[in-house]
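Colleague: The structure follows.
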Amino acid sequence: MSLIPVLRDNYVFVLHGPGPGPAVVVDPAVAEPVITWLEERGLELVAILHTHHHSDHIGGTPELLRRWPAAEVIASGADLERIPLQTRSVAGGDRFTLLGRSVEVLAVPGHTRHHIAYYLPAWGQMGAAGSEGPPGEPLDSVSPPIGPELAGPTPAGELFCGDTLFAGGCGRLFEGTPAQMHASLRQFAALPEDTRVWCAHEYTATNLAWAASVEPADPAIGTRLEAVREARAAGQPTIPSQIGLELRTNLFLRAADPAALAVLRSSRNDWKG
3 MSLIPVLRDN YVFVLHGPGP GPAVVVDPAV AEPVITWLEE RGLELVAILH
53 THHHSDHIGG TPELLRRWPA AEVIASGADL ERIPLQTRSV AGGDRFTLLG
103 RSVEVLAVPG HTRHHIAYYL PAWGQMGAAG SEGPPGEPLD SVSPPIGPEL
153 AGPTPAGELF CGDTLFAGGC GRLFEGTPAQ MHASLRQFAA LPEDTRVWCA
203 HEYTATNLAW AASVEPADPA IGTRLEAVRE ARAAGQPTIP SQIGLELRTN
253 LFLRAADPAA LAVLRSSRND WKG
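Counting the sequence shown from 1 gives a position; the numbering used here is that position plus 2.
Structure follows, in structure tokens:
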């Protein structure tokens, strides 16, 4: 798994093996740096995953398809009008196999009304819905597997959460409600704690600085904020995070109910640092 920094603070994620071969791209904001990155490594794009319709998550797709016209485009079928070019439309609860990995689609409205996330459990690990499938086998008889199986076991699950969950934060409620966002975050909180969280933006330092202003006596938040600032000063990304780390330091993931989340979201919206 790799990430490509693009624009001001976006990340594009790439699922690939250790050498030349197939690759999957998640939320390509732009195309040119992604094409360069893939071609330099001898990677062939076989699929594009979209979490939601915002332009900084789908903007690079047309150009990527001009370079790799056979690549699948997977996105929410409910958002087909706003995410065109789909070859495979999915919804929460759908499952398919991608490069030999089981993938479960989670419906996570809040940031947008049709936002989805993709959860790839580690081999032998139960899925978010309590399902398990052997590596390399499709989990249903309708959706054929995408791409050849990548070699090697996976030590932890992977979560591509778009703009629903951020490291130390969550997405703004542009089209959803606090109740929807709270329910979406509860789905993430139920995943194994070692699940790696691939958030689509580098907002971690700002989110944790806000969290420290809300909970100044919380040692876990303070310790993480210091580590994040050191990483950023060294030019290092703070992504991926992990579910366990978010449970300890993300106030939104710790919110007891939608009302508490609404208060936190309003505070974060108004915070100037």
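Every residue gets a Cβ at the ideal spot worked out from N, C-alpha and C, and that includes glycine. Model, not experiment: these values are computed from the prediction.
#1: I'd like to know whether the C-beta atoms of residue 24 and residue 46 end up nearer to each other than 8 Å.
#2: Is the beta carbon of residue 64 closer than 8 Å to that of residue 87?
#3: Where residue 231 and residue 44 are concerned, what is the direct C-alpha to C-alpha distance, given to the nearest angstrom?
#4: Taking the straight line between their C-alpha atoms, what separation do you get for residue 134 and residue 106?
#5: Starting from residue 243, follow its DSSP beta bridges and name the residues at the other end.
#6: Specify, as a first and last residue, the run of the alpha helix (DSSP H) that residue 60 falls within.
#7: Taking the alpha helix (DSSP H) that residue 260 falls in, what are its first and last residues?
#8: In the DSSP assignment, find the alpha helix (DSSP H) that holds residue 36 and state where it starts and stops.
#9: With hydrogens ignored, establish whether the beta-carbon of residue 60 is closer than 7 Å to any heavy atom of the ligand GTP.
#10: Does the beta-carbon distance from residue 32 to residue 79 come in below 8 Å?
#11: For the alpha helix (DSSP H) that residue 213 lies in, which residues bound it at each end?
#12: With burial defined as no fewer than 16 other Cβ atoms inside 10 Å of the residue's Cβ, what is the status of residue 57: buried or exposed?
#13: Distance check for residue 233 and residue 82, CA to CA, integer angstroms please.
#14: By how many angstroms is the C-alpha of residue 182 removed from the C-alpha of residue 260?
#15: In chain order, what residues of the same chain have a beta carbon less than 6 Å from the beta carbon of residue 90, not counting five sequence neighbours either side?
#16: For residue 170 and residue 34, I'd like the C-alpha separation in whole angstroms.
#17: Within this structure, are the beta carbons of residue 241 and residue 273 separated by less than 8 Å?
Modeller: The structure says:
#1: yes
#2: yes
#3: 34 Å
#4: Model confidence at residue 134 stands at a pLDDT of 45, short of 50, so the residue's coordinates are unreliable; what they give is reported in the following sentence. When rounded, the distance between both Cα atoms is 10 Å.
#5: 199
#6: 57-60
#7: 260-272
#8: 34-42
#9: This structure lacks the ligand GTP; in fact it carries no ligand of any kind.
#10: no
#11: 206-216
#12: exposed
#13: 38 Å
#14: 8 Å
#15: 74 and 76
#16: 30 Å
#17: no
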